[in-house]
Every structure is written in C-alpha cells, then in structure tokens.
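Asker: Please find one structure pasted underneath; my questions will follow.
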Amino acid sequence: MGLMSPAMAWWDMGHMEVAAIAYGRLKPATKTKVDALIKLHPAYGMWTKGLQGLPDDEISQQAFVRAATWADDIKTDLNCKSLHTPDCYKSEGDDVGNPDAGQNIGTSDHLAHAYWHFYDIPFSPDGTPTVPSPPVNALSEIKLLTTALADTTATDDLKCYDLVWLLHLVGDAHQPLHAVGRFTKLIDKGDRGGNDEMVNVGEIAPIKLHAFWDSLLGDSASPGAAIAAASLLPPADPILATRSDPESWFQESAALAQTYAYGSVIGNGPGPYQLSLDYEKAAKSLAQSQVALAGMRLGNLINAALH
C-alpha cells in the first residue's frame, strides 16, 4: 500500500467512489438538475479539464465524481499554490469558534471549514473524562446543507455550493475515524479520531492510525478509475441504505471505529502499534462496505432533496 500524508478522509479515490455510486442512483430528472448545478461551481473548469471530446454525459459524470474531492482540495490550497481550484480559501482565524464557522452563504464563502469534516462522538475505554464534539461539525452541516438543497426558494448558487459539500461530507460520515474521539489516560485530551496514535504497516515508517484508514481505498486521483472501481464494489445492504438520518450514520461509524479501528492490536497510548494482516484485511473490507453504503445513501439524499 502506497501511503501519502493524511490530508483527506478516504483520500480522493474513496470520495470519488462514493460519488460514482450516488450518481448512478440519481433519477433522470434529478440528474438533470444536478448536472446544471455542478456547472455553476467556480471549480467546474478544473473538474472538466482534459475531458474535451468525451460525450456530454461522461463529462457530467466525471465532473460530479471529481467534485467530491473539492472540500479536501481547498484545505490543501490555502495559499493558492496548487491548481486544484481557481479560488483562494483561508484557514487563518477560521476555527470552530469563529462566528462564521457554521455559515451557509454559497460560493462567496472562502473559509476552508476544516472542522466541517468530522463529528467526533467521544468515548473512553478506561474511564478518562471525555469532551463532546464542537457544535459546528459534520453532522450539523449535513443537516443544514441538506435542508438548503431541498429549499425551493434557495438560489442556485447556494444549492451548487451545498451539493458539492454534501458529496464530500456524506463520505466523511462513513469513515469510522471521522465519527469518534477516544480519550484515555495516556491521551487525555482526545485522539482527534486516531490522529494521535501511530501504527506500523509492513516495512514503511510509522503513520497515523487515521491516515491508515483514509488510505484504504487507494490514492488514485482519476475520476475514471474511481468510477470503474466503484462498479466492482459489493452492493450495500438495501435496508441499511434507506436510513436517512445522518446522526444514525455517525453512530454506526463510531461503533465500527470502536470495534475495528481500535481493535485488539491498538493499545491505549500513542504507539506505534504493529498492524496485523488480519487487521489490514478487515479494515479494507469494512472500508469498501462503508463506501458502498455511503454512495447509496448519498444518492438517496440527493434524490429526496431535488425531487
């Protein structure tokens, strides 16, 4: 497994697979609305770069899939040094205590909103006091953005901004370590979703536990590769896919984190801990299941909001 620095949940490949599955579930009328909204986003030109000559429906599909990575792109493009997006986004002064932290104002918002990517449900295996997740978080924003997307009086600018964020955040909700904060006597301030534990994977240098889980779908940035990979994933349980309450998604993910991410090989301190082959295989299988489930739920969410 080729591991990069941990900049994004599921990394690009996982988020694009979620979006690919969702796009395949859109009703024809909904897909028409979605394609029109995606074209309004300031980053649309970047998402479609190099796609000239493809049929229009393939361009629309790949733009939708690539858009799922935008919320991570702006976290790594804070000084406009990359070509991921034509606009600048800032982190200075942008924290969960900022009065604008939970604002929903459309594409004029140039805050990176890194705190929108997680909802850490706290737990402690050894009785260490815990701290709740901040009030502005992935759960609060999924609810806010979904409501706005479904609002028939909302502007198309707001809807396109909210849609692109939702493409990403629903994927985040299904990454177990975006839904949990572990507090132990050795990490008494909370581990930030596995960012304070180190693990060894094979012969490579120790990496963060969170980064290992982010990496499980691979590191390709190709929408075409993601679309192909998504088509090979085992389908999610159709009963589970009908669960539309995002709070239940995070509760599911938190439970999976406790059972699998913090499995028997992970101690209560910072590590590093050696991951077994059995741990790696179970994590890979779970990640694929979660991505398939996230894609189906995302498709259902968009169909319901834009019916």
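The sequence shown runs 35 to 341 under the numbering used here. Yeah, the Cβ is synthetic: ideal placement off N, Cα and C, and Gly gets one too. Note that the coordinates shown come from a computational prediction; the quantities given were computed from them, not determined experimentally.
(1) Find the nearest neighbour of residue 217 within the set 289, 130, 105 and 162, judged by alpha-carbon distance.
(2) Out of 318, 244, 206 and 64, which has the shortest C-alpha to C-alpha gap to residue 333?
(3) Tell me which residues share the same chain as residue 158 and place their Cβ nearer than 8 Å to its Cβ, disregarding the 5 neighbours each side in the sequence.
(4) Can we say the segment 259-266 touches the segment 40-59, given the rule of at least three CB pairs closer than 8 Å?
(5) In the DSSP assignment, find the unbroken alpha helix (DSSP H) run with residue 258 in it and report its ends.
(6) Give me, in chain order, the residues of the same chain whose beta-carbon lies closer than 8 Å to that of residue 192; leave out the 5 immediate sequence neighbours on both sides.
(7) Let me know if residue 145 comes out buried or exposed under the rule of 16 or more other beta-carbons within 10 Å of its beta-carbon.
(8) Could you give the C-beta distance for residue 269 and residue 321, rounded to a whole number, given that I count them as a contact under 8 Å?
(9) With distances taken Cα to Cα, identify the nearest neighbour of residue 236 among 220, 87, 314 and 305.
(10) Would a check of beta-carbon distances place residue 186 closer than 7 Å to chain E?
(11) Can you have a look at residue 238 and say buried or exposed, based on whether 16 or more other CB atoms are within 10 angstroms of its CB?
(12) Within this structure, are the beta carbons of residue 198 and residue 101 separated by less than 7 Å?
(13) I'd like to know if the segment 203-216 and the segment 167-175 are in contact, where contact means that at least 3 CB-CB pairs between them fall below 8 Å.
(14) Going along the chain, which residues of its own chain have a beta-carbon closer than 7 Å to the beta-carbon of residue 206, five neighbours each way excluded?
(15) Which whole-angstrom value is the C-beta distance of residue 49 and residue 82, which I expect to be below 8 Å?
(16) On the CB-based measure, 16 or more other CB atoms within 10 Å of its CB, does residue 39 come out buried or exposed?
(17) With 16 other CB atoms within 10 Å as the buried threshold, where does residue 87 fall?
(18) Quick check: what's the CA-CA separation for residue 130 versus residue 149?
(19) Going by DSSP in three states, residue 137 sits in which element: helix, strand or coil?
(20) What separation, rounded to the nearest whole angstrom, lies between the Cα atoms of residue 308 and residue 290?
(21) For the alpha helix (DSSP H) containing residue 337, name the first residue and the last one.
(22) Going by DSSP in three states, residue 159 sits in which element: helix, strand or coil?
(23) Mapping the DSSP letters down to three states, classify residue 48 as helix, strand or coil.
(24) Between which two residues does the alpha helix (DSSP H) holding residue 205 run?
(25) Out of curiosity, what's the CA-to-CA distance linking residue 204 and residue 328?
(26) Residue 89 to residue 200, Cα distance in whole Å?
(27) Given that a residue counts as buried once 16 or more other Cβ atoms are within 10 Å of its Cβ, and exposed if not, what is residue 349?
(28) Under a Cβ-count criterion, where at least 16 other Cβ atoms within 10 Å of its own Cβ denotes burial, should residue 336 be classed as buried or exposed?
(29) If you draw a straight line from the C-alpha of residue 134 to the C-alpha of residue 166, how long is it?
Answerer: Reading off the structure:
(1) Residue numbering aside, residue 217 sits at position 183 when the sequence shown is read from its first letter. Looking at the Cα atoms, 162 is the closest of the given residues.
(2) Taking the sequence shown and counting its residues from 1, the one referred to as residue 333 is at position 299. Nearest neighbour of residue 333 by Cα position, chosen from 318, 244, 206 and 64, turns out to be 64.
(3) Numbered from 1 along the sequence shown, position 124 holds the residue referred to as residue 158. Hits under 8 Å: 164, 216, 217 and 218.
(4) The segment 259-266 vs the segment 40-59: in contact.
(5) Working through the sequence shown from its first residue, we reach residue 258 at position 224. Residues 257-264.
(6) Locating residue 192 in the sequence shown gives position 158, where the first residue counts as 1. Answer for residue 192: 138, 139, 140 and 182, listed in chain order.
(7) Translated into positions along the sequence shown, residue 145 becomes position 111. Looking at its Cβ environment, which holds 16 or more other Cβ atoms inside 10 Å, residue 145 is buried.
(8) Start at 1 with the first residue of the sequence shown, and residue 269 comes out as number 235. Start at 1 with the first residue of the sequence shown, and residue 321 comes out as number 287. In fact, because the Cβ distance is near 15 Å, the residues do not count as touching under 8 Å.
(9) Counted from its first residue, the sequence shown places residue 236 at position 202. Of the listed residues, the one whose Cα sits closest to residue 236 is 314.
(10) Among the chains in the structure shown there is no chain E, since it carries only a single protein chain.
(11) Counting from one through the sequence shown, the residue named residue 238 turns up at place 204. Looking at its Cβ environment, which holds fewer than 16 other Cβ atoms inside 10 Å, residue 238 is exposed.
(12) The residue you call residue 198 lines up with position 164 of the sequence shown. The residue you call residue 101 lines up with position 67 of the sequence shown. Result yes, Cβ atoms of residue 198 and residue 101 sit closer than 7 Å.
(13) Result yes; three or more Cβ-Cβ pairs closer than 8 Å.
(14) Here residue 206 refers to the residue found at position 172 of the sequence shown. Counting only Cβ-Cβ distances below 7 Å, and skipping sequence neighbours, we find 43, 151, 152, 172 and 212.
(15) If you number the sequence shown from 1, residue 49 lands on position 15. If you number the sequence shown from 1, residue 82 lands on position 48. About 18 Å separates the two Cβ atoms, so there is no contact after all.
(16) Here residue 39 refers to the residue found at position 5 of the sequence shown. Note that residue 39 scores 38 on pLDDT, short of 50, meaning its location in the model is unreliable; the coordinates nonetheless yield the value given after this. That one is exposed.
(17) Locating residue 87 in the sequence shown gives position 53, where the first residue counts as 1. Exposed, because fewer than 16 other Cβ atoms sit within 10 Å of the Cβ of residue 87.
(18) Within the sequence shown, numbered from 1, the residue matching residue 130 stands at position 96. Within the sequence shown, numbered from 1, the residue matching residue 149 stands at position 115. Answer to the nearest angstrom: the Cα atoms are 6 Å apart.
(19) The residue labelled residue 137 in the question sits at position 103 within the sequence shown. Note: residue 137 maps to coil in three-state DSSP.
(20) Taking the first residue of the sequence shown as 1, we reach residue 308 at position 274. Taking the first residue of the sequence shown as 1, we reach residue 290 at position 256. Cα to Cα, the separation comes out at about 20 Å.
(21) Position 303 of the sequence shown holds residue 337. Per DSSP, the continuous alpha helix (DSSP H) segment holding residue 337 begins and ends at 311-339.
(22) Residue mapping note: residue 159 aligns to position 125 of the sequence shown, counting from 1. Three-state DSSP puts residue 159 in coil, outside helix and strand.
(23) The count along the sequence shown starts at 1 and reaches residue 48 at position 14. Correct three-state label for residue 48: helix.
(24) By 1-based counting over the sequence shown, the position of residue 205 is 171. Counting along the chain, the alpha helix (DSSP H) containing residue 205 begins and ends at 190-207.
(25) As a first step, residue 204 is located in the sequence shown; it is residue number 170 there, counting from the start. As a first step, residue 328 is located in the sequence shown; it is residue number 294 there, counting from the start. Each residue's Cα considered, the two are about 6 Å apart.
(26) To locate residue 89, count along the sequence shown from 1; it is residue 55. To locate residue 200, count along the sequence shown from 1; it is residue 166. For residue 89 and residue 200, the distance between alpha carbons rounds to 26 Å.
(27) The chain is shown from 35 up to 341; residue 349 falls before or after that span and cannot be answered.
(28) As a first step, residue 336 must be located in the sequence shown, where it is residue number 302. Taking all protein chains in view, the Cβ of residue 336 is crowded by 16 or more other Cβ atoms within 10 Å, so the residue is classified as buried.
(29) Start at 1 with the first residue of the sequence shown, and residue 134 comes out as number 100. Start at 1 with the first residue of the sequence shown, and residue 166 comes out as number 132. Cα to Cα, residue 134 sits roughly 20 Å from residue 166.
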